[in-house]
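Scroll down for the structure; my scribbles are underneath it.
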Amino acid sequence: MYAANDTLIYINEVKAPHLKTIQLKRTDLALTPPIILLNSADHLQLEFDDLRGSTQYYYYTFTHCNHNWEQSGLSYFDFLDGFEKNSVDEYAFSFATYQNYTHYKIQFPNDDAQFKVSGNYVIQVWEEDNDTIPVITQRFYVWEEIAGISANVLRPNLINYRNEYQEINFTVDIKNTEITNPYDEIRVMLMQNNRQDNTWYNLKPRFINTNSIQYDDDNTVFYAGKEYRRFDTKTLRFQTDRIIKIEKGYKRYDVFINIDESRSFKQYYYEQDINGNYVVMADLTNDPSIEADYSYAHFTLQYPYYLSNGDFYVVGDFNQYAVSEENKMHYDFDRQYYEATIYLKQGYYNYLYAFVDKTNPFLDMSYAEGNYFETENDYTVFVYQHSYDRNYDRMIGCKVFNSLKK
C-alpha cells in the first residue's frame with residue numbers, strides 16, 4: 018500500500034492464494050499481539066500452510082519501519098545481527114487429511130537473525146523463483162522497557178459518544194528517558210483488538226510535565242463494537258458449538274454455521290470471546306498444525322433487504338480483517354440473506370460481519386453487530402521516541418490492557 022506521497026506503507030498481506038492459515042504469534046502468548054521485548058527470551062513464530070502439498074523453497078527477510086509503517090532510515094546492518102536472507106528450513110507434511118498441505122514454521126529471533134534495535138518491523142516471506150513480490154508480509158513489534166504506561170478505558174464524556182464508543186486515557190512516565198522535546202520526539206499509536214485497520218496514530222498529548230505525558234482527549238475514542246461471534250470445528254465428525262450441519266463429500270468437508278441475525282438493535286449481553294482471534298485445534302490429534310483438516314465454512318446472515326451501496330464481509334483475525342472476494346458475502350433475494358463460503362482450517366474461530374461502503378474502505382460493524390460501550394475489548398498502546406541522530410523510531414514503551422480489567 019502507498020501513502021499520498023507514494024511512500025510504501027507495509028501492511029499485513031498474503032499474495033499467494035495457495036497459502037492459508039497465516040499466523041504470527043508469541044510462542045508463549047498465542048492470543049496477544051506479536052510483541053517481543055528487545056534482548057529478552059521472547060520469541061515470535063510465523064506459521065503458514067502451502068496447499069500445493071509439495072516442498073517449496075522459501076526464504077524470509079526483515080525490514081525495520083518507522084511508527085507509520087514506512088521503511089526507516091536503517092539498513093539491515095543497523096538493526097539486525099545475522100544474515101539479510103534466511104531460508105525457511107522447518108516444515109512438515111499434513112497427515113491423514115483430505116486437504117494435502119505443507120506446514121511451514123519460522124521462529125525468531127534465532128541464531129541467524131537477532132534484533133539490535135526496537136521499533137516496528139515486518140517479516141516477509143519470498144518464493145525462490147520470485148524475488149520481486151513477497152508472498153507474505155506481516156507486522157510485528159520489538160520494544161524496550163523504558164517508559165512506563167498507565168491506561169484506563171472509560172465511558173466517553175461527550176454525549177454523542179457515550180453509548181457506542183469507548184474512551185482511552187493513558188499516561189506515559191518519561192522520568193527514565195532522555196527526552197528533551199516531547200512534542201517533537203514522542204509518537205504514540207493506539208490499537209483495538211490487534212486490528213491494524215482500527216488504530217489511532219500520532220495522538221497529541223493533553224499535558225506534559227517533567228516526568229509524564231498525559232493523553233486524555235475526549236475525542237480519543239473507538240467504536241466499542243460487540244462481542245465476537247464464534248464457531249468451533251475442532252471435530253468434523255459431529256456438530257459442535259454453533260454448527261448446524263456437517264457434510265462429508267469426496268475429499269471435502271462442508272460445515273454450516275448457525276444462521277446469524279443482525280444484532281444492531283438487540284440489547285447488549287456479555288458473551289466470552291477471544292477478541293477476534295482464532296486457534297487451530299483438532300480433536301484426537303497429536304499435532305493439529307499438520308493433522309487438522311480444512312473445510313468449507315458456510316456463513317449466513319439474515320438481512321431483510323439488499324444493500325446496493327456496499328457489501329458485507331466476514332472478518333476476523335483469520336483473514337486479518339482484509340476485504341477480498343474470498344470473504345465477500347452475496348445476497349440471496351429469495352431467502353433474504355447474505356452468504357459466504359470460506360475455506361478454513363479446523364479450530365475455534367471468532368468473526369464479525371462488516372459492511373463496506375463502495376465509497377469508503379472503513380469496516381462498519383454497525384449494520385450487523387452494533388456498538389455498545391459495555392463491550393469487552395483489548396487495547397495496545399505503543400510509545401516511540403524518534404532518534405534524530407540515527408533517523409529511526411525507537412519503541413520505548415508498550416502496554417496491552419483490557420476494557421473490563423482495571
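Positions in the sequence shown are counted from 1; adding 17 to them yields this note's numbering. C-beta atoms are modelled at their ideal positions from N, C-alpha and C, and glycine is treated no differently.
Counting C-beta pairs with one atom in each stretch, the segment 355-365 and the segment 230-237 have fewer than three that are closer than 8 Å, which means they do not touch. By the criterion of a C-beta distance shorter than 6 Å, Glu278 is surrounded in its chain by Gln319, once the five residues flanking it on both sides are discounted.
The beta carbon of Ser306 is closer than 8 Å to those of Glu64, Ala109, His120, Lys122 and Val297 in its chain, skipping five residues each way along the sequence. Beta-bridge pairing by DSSP links Tyr320 to no other residue.
For the 7 Å CB-CB criterion, Arg246 and Tyr368 form a contact. Shown here, Tyr270 sits in a strand according to DSSP, grouped into three states. Under a 10 Å Cβ-count criterion, His35 is classified as exposed, with fewer than 16 other Cβ atoms of the shown protein chains found around its own Cβ. Apart from sequence neighbours up to five positions away, the residues of its chain that approach Thr252 with a beta-carbon distance below 6 Å are Asp300, ordered along the chain. Rounded to the nearest whole angstrom, the CA to CA distance from Phe379 to Asn29 is 16 Å.
Under DSSP, Glu264 takes part in a beta bridge, and its partners are Asp271.
For the 7 Å CB-CB criterion, Tyr27 and Trp86 form a contact. In terms of Cβ geometry, Tyr311 and Asp271 do not form a close pair [threshold 7 Å]. When DSSP reads this structure, Tyr396 sits in a beta bridge with Gln209 and Phe418. The beta-bridge partner set that DSSP reports for Gly293 is empty.
Shown here for Thr44: same chain residues with a beta carbon closer than 6 Å to its own, the five before and five after excluded, namely His60 and Gln62 in chain order.
As DSSP reads the structure, Thr154 sits in a beta bridge with Glu30 and Gln141.
In the three-state reduction of the DSSP assignment, Asp66 falls in the strand class, which pools E and B. Under a 10 Å Cβ-count criterion, Ile176 is classified as exposed, with fewer than 16 other Cβ atoms of the shown protein chains found around its own Cβ.
Non-local C-beta neighbours of Asp334 in its own chain, meaning closer than 8 Å and more than five positions away in sequence, comprise Asn211, Gly293, Asn294, Tyr295 and Asn367, ordered along the chain. Annotation for Tyr93: no beta strand (DSSP E) segment contains it, though the alpha helix (DSSP H) segment containing it runs Tyr93 to Phe96.
The secondary-structure analysis by DSSP pairs Phe329 across a beta bridge with Phe372. Tyr287 carries a coil assignment under DSSP once its states are collapsed to helix, strand and coil. Rounded to whole angstroms, Thr392 and Ser420 show a C-alpha spacing of 8 Å. Less than 7 Å separates the beta-carbon of Ile166 from that of Val189. As for any alpha helix (DSSP H) of minimum length 4 sitting wholly inside the segment 199-248, the runs are 199-202, ordered along the chain. By the C-beta density criterion, Arg280 is buried, having at least 16 other C-beta atoms within 10 angstroms. Of the residues Asn193, Glu342, Asp304 and Tyr158, the one whose Cα lies closest to the Cα of Val398 is Tyr158. Here DSSP, grouped into helix, strand and coil, assigns Ser404 to strand. With a beta-carbon spacing of about 19 Å, Thr49 and Val332 fall beyond the 8 Å limit used to define contacts.
As DSSP reads the structure, Gly90 sits in no beta bridge. Counting along the chain, Ser167 sits inside the beta strand (DSSP E) bounded by residues Gly165 to Leu171. Between Asn169 and Asn186, the beta carbon gap of about 5 Å places them in contact (Cβ cut-off 8 Å). The C-beta of Arg411 has 16 or more other C-beta atoms within 10 Å across all chains shown, which makes the residue buried.
Per DSSP, the continuous beta strand (DSSP E) segment holding Glu107 begins and ends at Glu107 to Phe110.
Burial is judged here by how many other beta carbons sit within 10 angstroms of a residue's own beta carbon; Gln337 has at least 16 and is buried.
Separation of Tyr76 and Leu41 (C-alpha to C-alpha, rounded to the nearest whole angstrom) is 16 Å.
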